[in-house]
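**Student:** Before I ask anything, here is the structure I am working with.
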Amino acid sequence: MTDYNQLEKIRLQKIEELRAEGLEPYPTRAERTHTSRQAIAALDAVGDEGIEVRATLAGRIRATRPMGKLTFTHIEDGDGKIQLFLRVNELGQEKVDFFNKMYDLGDFVQASGVMMRTRTGEPTLQVHDFKMLSKAVSPLPAAKDETLEDGTVLRHAALEDPELRARQRYADLAVNPNVRETFRKRAAITKAIRTFLDDNGFLEVETPILQPLYGGAAARPFVTHHNELDQDMYLRISFELYLKRLLVGNLERVYEIGRDFRNEGVSFKHNPEFTQLEFYCAYADYLKVMELTENMIGYVCDTVFGTRQFAFDKDDSTHYDLDFSTPWRRVEMRQGILETSGIDIANYPTAEALFQAIIAKYPNKNPDPHAARGKLIDFLLGEFLEPTLIQPTFLYDYPRDISPLAKSKPGDALTVERFEGYAAGFELCNAFTELNDPLDQEQRFLDMGRDYTDDEEEKHPLDEDYLRAMRYGMPPNGGFGMGMERLAMLLTNNRSIREVLLFPALRKEE
RNA sequence: GGGCGCGUAGCUCAAUGGCAGAGCAGCGGCCUUUUAAGCCGUUUGUUGAGGGUUCGAGCCCCUCCGCGCUCACCA
Numbered sequence: 125m126t127d128y129n130q131l132e133k134i135r136l137q138k139i140e141e142l143r144a145e146g147l148e149p150y151p152t153r154a155e156r157t158h159t160s161r162q163a164i165a166a167l168d169a170v171g172d173e174g175i176e177v178r179a180t181l182a183g184r185i186r187a188t189r190p191m192g193k194l195t196f197t198h199i200e201d202g203d204g205k206i207q208l209f210l211r212v213n214e215l216g217q218e219k220v221d222f223f224n225k226m227y228d229l230g231d232f233v234q235a236s237g238v239m240m241r242t243r244t245g246e247p248t249l250q251v252h253d254f255k256m257l258s259k260a261v262s263p264l265p266a267a268k269d270e271t272l273e274d275g276t277v278l279r280h281a282a283l284e285d286p287e288l289r290a291r292q293r294y295a296d297l298a299v300n301p302n303v304r305e306t307f308r309k310r311a312a313i314t315k316a317i318r319t320f321l322d323d324n325g326f327l328e329v330e331t332p333i334l335q336p337l338y339g340g341a342a343a344r345p346f347v348t349h350h351n352e353l354d355q356d357m358y359l360r361i362s363f364e365l366y367l368k369r370l371l372v373g374n375l376e377r378v379y380e381i382g383r384d385f386r387n388e389g390v391s392f393k394h395n396p397e398f399t400q401l402e403f404y405c406a407y408a409d410y411l412k413v414m415e416l417t418e419n420m421i422g423y424v425c426d427t428v429f430g431t432r433q434f435a436f437d438k439d440d441s442t443h444y445d446l447d448f449s450t451p452w453r454r455v456e457m458r459q460g461i462l463e464t465s466g467i468d469i470a471n472y473p474t475a476e477a478l479f480q481a482i483i484a485k486y487p488n489k490n491p492d493p494h495a496a497r498g499k500l501i502d503f504l505l506g507e508f509l510e511p512t513l514i515q516p517t518f519l520y521d522y523p524r525d526i527s528p529l530a531k532s533k534p535g536d537a538l539t540v541e542r543f544e545g546y547a548a549g550f551e552l553c554n555a556f557t558e559l560n561d562p563l564d565q566e567q568r569f570l571d572m573g574r575d576y577t578d579d580e581e582e583k584h585p586l587d588e589d590y591l592r593a594m595r596y597g598m599p600p601n602g603g604f605g606m607g608m609e610r611l612a613m614l615l616t617n618n619r620s621i622r623e624v625l626l627f628p629a630l631r632k633e634e
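In this text, residue positions in the first sequence follow my numbering: the first is 125, and each later residue adds one.
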């Protein structure tokens, strides 16, 4: 049984009173002739000619100022806010009093009348008739906007608690227009990515989310069970192995935008489910993919935001001005690590030697003594290099042993043709010249299995069907993956992934 | 999983171990161009949950729950 608070009980009472007067608080149909923006535009269009602009508006009451014989109310619709003006002259005292008594913040209303301007010039609907469209039982978290002299809007008592905002995203969206704007931008970003890839000859495809084997990344999967098949299934951790099967099938350029699931920790940049973009491009290598990437991001910047300059506040005291102009800076990993840590990984071809070099130079750091060489390089990368990668940068040429699906650099057995895109100090995307040699691939799977026998969590399952596909012949190709939330964070200046997820993962209530 | 921090009214926040408060929202009243409208009056609490110390706990201690930051993890 719902436990209503005092404010809600009052509103429930009003619902009964409305019904008692023969007025339906939740009518089936609504009419609207103009959105707020359309009504204002119509008023602007007639100018001073004295032509009457009649309009019926619909929206949600966000502020109301009753003054006895007058009431000013702001309603908000999908286009913005507009003021309603109720006056005894048109409506009579009884109707004005009725409105003031029965209509609350948060209610959806419909109002008809004539557009006018108030003494301050604000476009306003002078109301001749009004109707409840949906009575709100629970009051929305109060949020009042104050427009300061310089035009900036100051918000008072807005819903701010991050947990409440995420749990009750509907309320967050209802009272915080900037949150709505973030998700509109996120949608526009996704749409621009699709347009860019479609225009570049890529085919959008969909591959299985429920998979009998998982692969394509190193992450713990979610496990579920198919009853009829009596078989465990995994929620995918990446699309990679399925998309590359399609290249075997002569689809030269494919991409997928969809959900990945990784059964791991939650942080400001990790959510257990997130939206991934992956594309694979036959006859491209990682250099070609770098160009595609910076052009694709540039296209998104231009079409959605009209600029390539972005402010990003990493935390309260760290502000970055990011520039997504092409070409992005390119840093070779070995060189970057050398410059930021003073250690040349090329001088230490084994894990043991590299480990000794790190602790000799940095006795305060704690690299894992049992880590593989690639893991140690990754440690150096995270400790020293990554924090310096503020402007959009491609970091390229990665250690082979942490990149089992990437092709080796010709003449360098320890290095693969792989790059990651960085901005604001965190990883944005990951790409490589894809390994298409079935014999090499099989050996890499076996090596991974051997290297991680102690560590069940990171063991790569060997995907026989993927190898079978590759044996039919896979064209040389470049592949790319990017977390869409990461991109949305960067371009909308949100420091937490939760701000760009409508419903981020939360512990269940109670 | 480890460390640090937070949790008080519908919302935003106060309260030295000593009567649980303010603004907004709500309710009653005044007000014919307001816009955080204003003015007068007024209501609202399992202080996240449970236990302990104390004459007395929102505050101190323990356990649990939730969230935030951070580390680990995330090739």
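Ideal Cβ placement from N, Cα and C applies to all residues, glycine included.
With a threshold of 6 angstroms on Cβ separation, who are the neighbours of residue 251 within its own chain once the five nearest residues in sequence on each side are excluded?
**Tutor:** Walking along the first sequence from the start, residue 251 turns up at place 127. Closer than 6 angstroms at Cβ, skipping near neighbours: 208, 210, 235 and 237.
**Student:** If we call anything under 9 angstroms between Cβ atoms a contact, is residue 249 one with residue 179?
**Tutor:** Taking the first residue of the first sequence as 1, we reach residue 249 at position 125. Taking the first residue of the first sequence as 1, we reach residue 179 at position 55. Contact flag set, yes.
**Student:** Kindly indicate which three-state DSSP category residue 140 falls into: helix, strand or coil?
**Tutor:** To locate residue 140, count along the first sequence from 1; it is residue 16. Helix, per DSSP.
**Student:** On the three-state DSSP scale, how would you describe residue 613?
**Tutor:** In the first sequence, counting from the first residue as 1, residue 613 sits at position 489. Helix, per DSSP.
**Student:** Going by C-alpha distance, which of 272, 297, 275 and 274 is nearest residue 282?
**Tutor:** Locating residue 282 in the first sequence gives position 158, counting from the first residue. Closest by alpha carbon: 297.
**Student:** Where do the ends of the beta strand (DSSP E) carrying residue 545 lie?
**Tutor:** Working through the first sequence from its first residue, we reach residue 545 at position 421. Note, residue 545: beta strand (DSSP E), 536 to 547.
**Student:** With which residues is residue 523 paired in a DSSP beta bridge?
**Tutor:** On the first sequence, residue 523 is found 399 positions in, with the first residue counted as 1. Per DSSP, 539.
**Student:** Just the C-alpha distance for residue 162 and residue 239, rounded to the nearest angstrom, thanks.
**Tutor:** Counting from one through the first sequence, the residue named residue 162 turns up at place 38. Counting from one through the first sequence, the residue named residue 239 turns up at place 115. Computed Cα separation, rounded: 11 angstroms.
**Student:** Out of 462, 532, 323 and 203, point me to the one whose CA is closest to residue 510's CA.
**Tutor:** Here residue 510 refers to the residue found at position 386 of the first sequence. Of the candidates 462, 532, 323 and 203, the one whose C-alpha sits nearest the C-alpha of residue 510 is 462.
**Student:** Residue 405: which of 378, 383 and 487 sits nearest, CA to CA?
**Tutor:** Sequence index remark: in the first sequence, residue 405 carries index 281 (1-based). Per the Cα distances, 378.
**Student:** Can you list, in chain order, the residues of its chain whose CB lies under 8 angstroms from that of residue 217, leaving out five sequence neighbours each side?
**Tutor:** As a first step, residue 217 must be located in the first sequence, where it is residue number 93. Around residue 217: 193.
**Student:** Tell me the rounded alpha-carbon separation between residue 490 and residue 464.
**Tutor:** In the first sequence, the residue the question calls residue 490 occupies position 366. In the first sequence, the residue the question calls residue 464 occupies position 340. Rounded to whole angstroms, residue 490 to residue 464 spans 17 angstroms at the Cα level.
**Student:** Out of 497, 467 and 496, which one is the CA nearest neighbour of residue 484?
**Tutor:** As a working mapping, residue 484 is identified with position 360 in the first sequence. Selected option, being the one with the closest Cα: 467.
**Student:** Would you mind sorting residue 285 into buried or exposed? The rule is 16 or more other CB atoms within 10 Å of its CB.
**Tutor:** Counting from one through the first sequence, the residue named residue 285 turns up at place 161. Residue 285 is exposed by the Cβ-count criterion.
**Student:** Go to residue 318, then tell me how far its alpha helix (DSSP H) extends in each direction, as first and last residue.
**Tutor:** If you number the first sequence from 1, residue 318 lands on position 194. Looking at the DSSP string, the run of the alpha helix (DSSP H) that includes residue 318 is 301 to 323.
**Student:** Which one or two residues does DSSP pair with residue 252 in a beta bridge?
**Tutor:** Mapped onto the first sequence, residue 252 falls at position 128. In the DSSP output, where bridge partners are listed per residue, residue 252 has none listed.
**Student:** Let me check one thing: in DSSP terms, what residues is residue 195 bridge-paired to?
**Tutor:** Within the first sequence, numbered from 1, the residue matching residue 195 stands at position 71. According to DSSP, residue 195 bridges with 190 and 210.
**Student:** Answer yes or no: do residue 457 and residue 529 have a C-beta to C-beta separation smaller than 9 angstroms?
**Tutor:** In the first sequence, residue 457 corresponds to position 333, counting from 1. In the first sequence, residue 529 corresponds to position 405, counting from 1. For residue 457 and residue 529, no; Cβs fall outside 9 angstroms.
**Student:** Should residue 552 and residue 614 be called a contact, given that it needs their Cβ atoms to be closer than 9 angstroms?
**Tutor:** By one-based count along the first sequence, residue 552 stands at place 428. By one-based count along the first sequence, residue 614 stands at place 490. In this structure, residue 614 lies closer than 9 angstroms to residue 552 by Cβ.
**Student:** Quick check on the burial criterion: 16 or more other C-beta atoms within 10 angstroms. Buried or exposed for residue 631?
**Tutor:** For this step, residue 631 is matched to residue 507 along the first sequence. It is exposed - the Cβ of residue 631 has fewer than 16 other Cβ atoms within 10 Å.
**Student:** Within 10 Å of its beta-carbon, does residue 592 have 16 or more other beta-carbons around it, so buried, or fewer, so exposed?
**Tutor:** To locate residue 592, count along the first sequence from 1; it is residue 468. Label assigned to residue 592: exposed.
**Student:** Could you tell me whether the Cβ atoms of residue 609 and residue 398 are closer together than 9 angstroms?
**Tutor:** Your numbering for residue 609 matches position 485 in the first sequence. Your numbering for residue 398 matches position 274 in the first sequence. Yes, these two residues count as a Cβ contact at 9 angstroms.
**Student:** May I ask you to report which of helix, strand or coil DSSP gives residue 177?
**Tutor:** Locating residue 177 in the first sequence gives position 53, where the first residue counts as 1. Coil at residue 177, not helix or strand.
**Student:** Taking residue 377 as part of the beta strand (DSSP E), name the residues at either end of that continuous run.
**Tutor:** Numbered from its first residue, the first sequence carries residue 377 at position 253. Looking at the DSSP string, the run of the beta strand (DSSP E) that includes residue 377 is 377 to 385.
**Student:** Under 8 angstroms, with one C-beta from each stretch per pair, do the segment 586 to 604 and the segment 550 to 566 reach the 3-pair mark?
**Tutor:** The segment 586 to 604, when compared against the segment 550 to 566, does touch it at the 8 angstroms Cβ threshold.
**Student:** Tell me which residue opens and which closes the beta strand (DSSP E) that residue 492 is part of.
**Tutor:** Reading the first sequence from its first residue, position 368 is the one you call residue 492. Taken as a continuous stretch (DSSP letters only), residue 492 belongs to no beta strand (DSSP E), as it is neither H nor E.
**Student:** Under three-state DSSP, which class holds residue 474?
**Tutor:** Translated into positions along the first sequence, residue 474 becomes position 350. Correct three-state label for residue 474: coil.
**Student:** Over the uninterrupted alpha helix (DSSP H) stretch that includes residue 415, give me the two end residues.
**Tutor:** Here residue 415 corresponds to residue number 291 of the first sequence, with the count starting at 1. Unbroken alpha helix (DSSP H) run through residue 415: 410 to 424.
**Student:** When DSSP labels each residue in this structure, what does residue 505 get in the three-state scheme?
**Tutor:** Counting from one through the first sequence, the residue named residue 505 turns up at place 381. In this structure, residue 505 counts as helix in the three-state DSSP scheme.
**Student:** Report the rounded CA-to-CA distance for residue 487 versus residue 391, giving the unit in angstroms.
**Tutor:** The residue given as residue 487 occupies position 363 in the first sequence. The residue given as residue 391 occupies position 267 in the first sequence. Their Cα atoms are separated by approximately 28 angstroms.
**Student:** Roughly how many angstroms separate the alpha carbons of residue 136 and residue 215, rounded to a whole number?
**Tutor:** Here residue 136 corresponds to residue number 12 of the first sequence, with the count starting at 1. Here residue 215 corresponds to residue number 91 of the first sequence, with the count starting at 1. Approximately 26 angstroms, taken between the alpha carbons.
**Student:** Count the other CB atoms within 10 Å of the CB of residue 362; is the residue buried (16 or more) or exposed (fewer)?
**Tutor:** Here residue 362 refers to the residue found at position 238 of the first sequence. Per the 10 Å Cβ criterion, buried.
**Student:** Could you give the distance in angstroms between the alpha-carbon of residue 476 and the alpha-carbon of residue 626?
**Tutor:** In the first sequence, residue 476 corresponds to position 352, counting from 1. In the first sequence, residue 626 corresponds to position 502, counting from 1. Roughly 45 angstroms between the two C-alpha positions.
**Student:** Along the alpha helix (DSSP H) that carries residue 165, what are the first and last residues, could you check?
**Tutor:** Translated into the one-based positions of the first sequence, residue 165 becomes position 41. 160 to 170 is the extent of the alpha helix (DSSP H) around residue 165.
**Student:** Can you find at least 3 beta carbon pairs, one from the segment 303 to 318 and one from the segment 424 to 433, that sit closer than 8 angstroms?
**Tutor:** Output reads yes: the segment 424 to 433 touches the segment 303 to 318.
**Student:** Figure out for me which residue from 159, 538, 532 and 309 has the closest Cα to the Cα of residue 496.
**Tutor:** Within the first sequence, the letter at position 372 stands for residue 496. Closest option to residue 496, Cα to Cα, is 538.
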